[in-house]
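12 is the number of the first residue of the sequence shown in our numbering; add one for each residue after it. Quick notes on the structure that follows.
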Amino acid sequence: MHPPPPHDGPAAILLAAGRSRRFGSDKRKHTLPDGRSMLRSTFETFQSVFDRVRLVLSPRDDGLLRELGVTLRAADEVVIALDADLGMGRSLAAGFANPPSRFVFVGLADMPFVQPATLIRLRDQASDLADDTILVPVYRGERGHPVGFGKTWHATMRTLSGDEGARSLTRSANPVLFEVDDPGVLADLDQAPPSRVAQSSLDRHEP
Numbered sequence: 012m013h014p015p016p017p018h019d020g021p022a023a024i025l026l027a028a029g030r031s032r033r034f035g036s037d038k039r040k041h042t043l044p045d046g047r048s049m050l051r052s053t054f055e056t057f058q059s060v061f062d063r064v065r066l067v068l069s070p071r072d073d074g075l076l077r078e079l080g081v082t083l084r085a086a087d088e089v090v091i092a093l094d095a096d097l098g099m100g101r102s103l104a105a106g107f108a109n110p111p112s113r114f115v116f117v118g119l120a121d122m123p124f125v126q127p128a129t130l131i132r133l134r135d136q137a138s139d140l141a142d143d144t145i146l147v148p149v150y151r152g153e154r155g156h157p158v159g160f161g162k163t164w165h166a167t168m169r170t171l172s173g174d175e176g177a178r179s180l181t182r183s184a185n186p187v188l189f190e191v192d193d194p195g196v197l198a199d200l201d202q203a204p205p206s207r208v209a210q211s212s213l214d215r216h217e218p
């Protein structure tokens, strides 16, 4: 099946090929307080904002979406990173093959607490930026995800390898730093059990 042709509005790539070596289990399957899995919750949040979401999985993930109840729209697609075990860079390279838009945001499967309003602000900001822009959300001085890449960078993304992903690129390319009031852009579930992170994030979002 051929991927849908690119369109002008910003799109999203969601990296979900890793199982988390440090966490010790497949965090994508962990159940959140609302009953949804980590992956499904994150994917549906991105679907609520972006017209197209590309999900990057590994070859061993056959049946995963069905198991977790993840539903694709006609414009969404799944890309298999054949060498995902070699690091996040290879997942990024697979995700940027035939990019779905001129401006693409890269999100992580373990960020279910990022707010749709934050994604909307990032998406709308990207619509006015030049093609050579990298857009990075920042919460209280700390950089987070999703990170947006204009089409000037797409060819470079296809050459990435290793576990660092695009981190060195975003450090050296003078990105646009976009302040947000949303700790959900910083979630890293490799560092703590999902139940603890979930409760912490829910507490921080209470009025």
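Think of the CB as a built atom: it goes at the ideal place given N, C-alpha and C, for glycine as much as any other residue.
Nearest-angstrom Cβ-Cβ length linking SER102 and LEU180, presumed shorter than 8 Å: Not a contact, Cβ separation roughly 15 Å.
What did DSSP end up calling PHE124 once you bin it into helix, strand or coil? coil
Taking only three categories from DSSP, how would you classify THR42? strand
Quick one: give me the first and last residue of the alpha helix (DSSP H) that PHE57 is part of. 49-58
By DSSP's criteria, VAL149 is part of a beta bridge. Which residues make up the other side? ARG154, GLU190
Selection from ARG39, GLY20, ALA28 that minimises the alpha carbon distance to ASP121: ARG39
Return the CA-CA distance between GLY106 and ASP142, expressed in angstroms with no decimal places. 18 Å
Simplified DSSP state of ARG71, which is helix, strand or coil: helix
Kindly indicate which three-state DSSP category LEU140 falls into: helix, strand or coil? coil
CA-to-CA distance, ASP96 to HIS156, given in whole angstroms: 21 Å
Of all the options LEU66, SER59, GLU78, ARG63, which has the alpha carbon lying nearest to the alpha carbon of THR42? GLU78
As assigned by DSSP and simplified to three states, the class of ARG169: coil
Beta-carbon contacts of ALA137 that lie in its chain and below 7 Å, excluding the five residues immediately before and after: PRO21, PHE114, LEU146, GLY159
Buried or exposed, going by whether 16 or more other CB atoms sit within 10 Å of the CB of LEU171? buried
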